[in-house]
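One structure is given here, and the rest of the page talks about it.
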Amino acid sequence: MDSQLNALIALLENHRSVVLAGAGCSTESGIPDYGGLGAKRRRRLVQYRAFVDDPSIRVRYWARSTVGWQRVARARPNPAHAALAALERMGLLSGVITQNVDGLHHRAGNRRIVELHGSLSRVRCLHCRGIEPRVRMQERLLAMNPDFGHEQAPFAPDGDAEVSHGRFGTFKVPDCVTCCGILKPDVVFFGENVPKERLAEAWRLYEDADALLVVGSSLAVFSGYRFVLRATEDRRPVAIVNVGPTRGDEQATVKIEERVGTVLPQLANRLREPRSRGRRAV
């Protein structure tokens with residue numbers, strides 16, 4: 000890996016990079032990824048239209064989320080998150096565009112972050128658009144469904160948990176405290192678009208850089224892959240750190256097939272070292 004790491008170090012020394020982070024950045028915090036490029040999804044993922052139109056789908060979502068979110072809330076940043084925060088402090092990054100919804104980049108200390116798919120830390124009313132902290136929603140969910148506070152089940156990066164279907168029948172879902180409207184986690188569901196203003200903010204981070212660093216993403220979802228396509232079109236270098244193949248491998252200037260929790264701390268430590276040649280001004 001030494002030659003690839005050296006190539007990545009040279010890229011960051013000579014370019015200001017924007018980071019595109021995926022689920023692989025959070026696996027060492029105990030949050031699983033989706034299995035990589037081409038993996039079959041065993042879960043029935045919630046579609047936006049179904050969530051809005053079908054009360055039983057909302058019950059299913061919130062029952063599973065009540066269990067799964069507790070583990071997401073307990074997760075803490077790992078060395079990969081800390082390394083990205085350090086690289087930003089060194090002035091080598093314009094910021095982080097993350098596909099993750101766990102909030103760990105914020106907790107690690109990154110300042111310029113665009114949460115492309117939203118955040119599980121917030122709940123939004125679909126009627127009045129009011130925001131409620133997820134921790135308060137969790138209190139209301141457990142007050143109405145106390146048995147779910149002790150439920151244990153496998154869970155996924157989006158906070159969903161494999162709760163038995165038989166447990167849904169008695170589950171109660173709170174309404175918006177302001178208008179009694181439907182509450183939805185403030186994340187992008189399948190069949191829903193990334194909000195235009197959020198995407199515009201992500202492109203501003205991209206424009207503040209002249210290279211793209213992809214960490215922990217197979218780029219299977221177009222909302223992230225579009226940045227690789229744009230960087231290639233703009234003839235900007237693309238570096239990828241990910242275990243396994245990605246959709247952007249052919250466009251990569253540098254590819255390191257290793258855990259981000261191994262590579263990024265080494266990268267940050269090496270870039271902290273004094274060097275005889277001057278670094279590119281940022």
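Residue numbers are given in numbering that gives the first Met the number 0: position 35 of the sequence shown equals residue 34, and the series is strictly consecutive. Glycine is no exception: its CB is placed at the ideal position from the N, C-alpha and C atoms. Since this is a predicted model, take the numbers as computed values, not measurements.
Beta-carbon proximity check, residue i vs residue j, cutoff 8 angstroms
i: Ser93; j: Val17; result: yes
i: Gln3; j: Ile255; result: yes
i: Ala267; j: Ala82; result: yes
i: Val186; j: His116; result: yes
i: Arg57; j: Val172; result: yes
i: Ala74; j: Asp101; result: yes
i: Ala286; j: His14; result: Absent from the structure is residue 286, since the part of the chain shown begins at 0 and ends at 281.
i: Val294; j: Gly215; result: Since the first residue shown for the chain is 0 and the last is 281, residue 294 is missing from the structure and cannot be characterised.
i: Asn144; j: Ala20; result: no
i: Arg133; j: Leu119; result: yes
i: Ala62; j: Phe167; result: yes
i: Val122; j: Asn109; result: no
i: Tyr47; j: Glu138; result: no
i: Leu270; j: Met89; result: yes
Top-ranked residue by Cα proximity to residue i, from the options
i: Val66; options: Thr169, Asn192, Phe147; result: Phe147
i: Ile239; options: Asp233, Leu263, Phe221, Val220; result: Leu263
i: Gly129; options: Cys178, Asn99, Met89, Leu86; result: Cys178
i: Asn77; options: Leu44, Gly243, Ser55, Gly23; result: Gly23
i: Gln265; options: Ala79, Tyr60, Ser120; result: Ala79
i: Val193; options: Glu27, Ala49, Ser64, Thr97; result: Thr97
i: Leu7; options: Cys127, Asp233, Leu228, Leu86; result: Leu86
Neighbour-count burial assignment, residue i, 16 or more Cβ in a 10 Å radius
i: Glu114; result: buried
i: Ile112; result: buried
i: Lys183; result: buried
i: Leu103; result: buried
i: Cys124; result: buried
i: Phe170; result: buried
i: Arg235; result: buried
i: Asn241; result: buried
i: Ala9; result: exposed
i: Ala84; result: buried
i: Phe226; result: buried
i: Asp1; result: exposed
i: Asp32; result: buried
Spatial neighbours of residue i in its chain, beta-carbon cut-off 8 angstroms, leaving aside the 5 residues before and after
i: Tyr224; result: Leu218, Arg246, Gly247
i: Asp174; result: Gly180, Ile181, Leu182
i: Thr231; result: Val237, Gln250
i: Phe50; result: Ile56, Arg57, Tyr60, Lys183, Phe188
i: Met136; result: Val122, Pro173, Leu182
Cut-off 6 angstroms between Cβ atoms - residues of its own chain near residue i, not counting five sequence neighbours on either side
i: Leu91; result: Leu11
i: Tyr60; result: Val45
i: Asp207; result: Ser93
i: Glu27; result: Asn77, Gly260
i: Ala38; result: Confidence at Ala38 is low in this model, with a pLDDT of 45, below 50, so its placement is unreliable and no value can be given for it.
i: Glu131; result: Val122
i: His126; result: Cys178, Gly180
Distance cut-off 7 angstroms: residue i Cβ against heavy atoms of the ligand ZN
i: Gly223; result: Among the components modelled here there is no ligand, and therefore nothing to report on the ligand ZN.
Other residues of its chain near residue i: CB distance less than 7 angstroms, five sequence neighbours each side excluded
i: Ile30; result: Val71, Ala74, Asp101, Pro156
- Could you name each continuous alpha helix (DSSP H) segment of 4 residues or more that falls completely within the segment 194-233, going from the start of the chain to the end? Entirely contained in the segment 194-233, the alpha helix (DSSP H) runs reaching 4 residues are, in chain order, 195-206, 221-232.
- Item | Segments assigned beta strand (DSSP E), at least 3 residues, entirely inside the segment 77-141 | DSSP runs (the beta strand (DSSP E)) wholly in the segment 77-141: 92-97, 112-114, 117-124, 130-132.
- Jot down the residue ranges of each uninterrupted alpha helix (DSSP H) in the segment 9-73, minimum 4 residues, whole runs only, in chain order. Considered as a whole, the segment 9-73 harbours 47-52, 54-73 as its complete alpha helix (DSSP H) runs of no fewer than 4 residues, in chain order.
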